[in-house]
Amino acid sequence: MKLLVFITAFLALALTGCGTSSKNYSDVAIETHGFYGPWGDKHMPLVVIDAGHGGFDLGACHASCEEKDLALTTSLLLKRYLNEKGYRVILTRNRDVFIPLKERAAMANEAKSKLFVSIHYNAAQSTNAEGIEVYYFNKGDHLRIESSKKLASDVLSKLLHRTGAPSRGIKHGNFLVIRETKMPAILIEGGFITSPKERAILKSRDYQEEIAQAVAEGIDHYFKI
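This is how it looks when you write it as structure tokens:
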């Protein structure tokens, strides 16, 4: 029997920072082999949430705002909302730690997850770049491609409705985590850290709640339609 260690803590955004510190976690169950998440009703779909970057891999950074922290906070919130809807959830990381990309994909494949959703935030040379975009891998199995495309569409639609952010559309991406996973998979870029306007919004707990709820609603719509 797998040993589960339950850790309870409060999620909070630092007033002067961005995202969440490595000491702030949501309610999680840690399995000793490296998966993070409760195993609920076996009849409910299992979703893997991948918080981009982590540890020494900061991701996009600007004005003391680090992508790895935003991605983690959003992923923890998303896990909570999906759990409330009855879904089983695995987190590829639940704290500020580096996980190699191949291991992230392997987690989802080994668990036979129904979906893989990778959470990221964007950066650009221009401070005027804004908006949300969603990627999927468009090569290989036709059914997986079409399912990933539908998931991307459902999630982006809910994100735009809840946040009012500009749409940068659904795009093809060759990112390892959505290429090497065997189930429908998407990678979300939730906004630009390099945009002063979006960065200020992204640092807001309320806005991250909106993003997490929107992604949960998109996933729910995908399964129910």
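When the letters of the sequence shown are read in order and numbered with this note's numbering, they come out as residues 1 to 225.
Backbone N, C-alpha and C define an ideal beta-carbon position, used for all residues, glycine too.
Predicted model, so just to flag it, every value in this text is computed and none were measured.
Spanning the alpha carbons of Ile211 and Asp57 requires a straight line of approximately 23 angstroms. Under the DSSP assignment, Asp154 falls in the alpha helix (DSSP H) whose first and last residues are His142 to Thr163. Every unbroken stretch of the beta strand (DSSP E) spanning 3 or more residues and falling wholly within the region 52-111 is given here in chain order: 88-91. Using a Cβ distance threshold of 9 angstroms, Ile178 and Ser148 count as a contacting pair. Counting along the chain, Gly218 sits inside the alpha helix (DSSP H) bounded by residues Arg205 to Lys224.
Secondary structure note for Ile201: its alpha helix (DSSP H) is the uninterrupted segment Pro196 to Leu202.
Buried is the label assigned to Pro184, since at least 16 other Cβ atoms lie within 10 Å of its Cβ. The alpha-carbon of Gly190 is positioned some 5 angstroms away from that of Ile132. Secondary structure of Ile49 (DSSP, three-state): strand. For Lys171, DSSP records a beta bridge to Tyr135. Residues of the same chain with a CB within less than 6 angstroms of the CB of Ala214, apart from the 5 flanking positions on each side, are Lys158, Leu159 and Arg162 in chain order. For the 9 angstroms CB-CB criterion, Phe98 and His53 form a contact. When the Cα atoms are used, Ala108 and Ala200 turn out to be separated by approximately 33 angstroms. Excluding the 5 residues flanking it on each side, Ala123 has same chain C-beta neighbours closer than 6 angstroms at Ala60, Ile193 and Thr194, in chain order.
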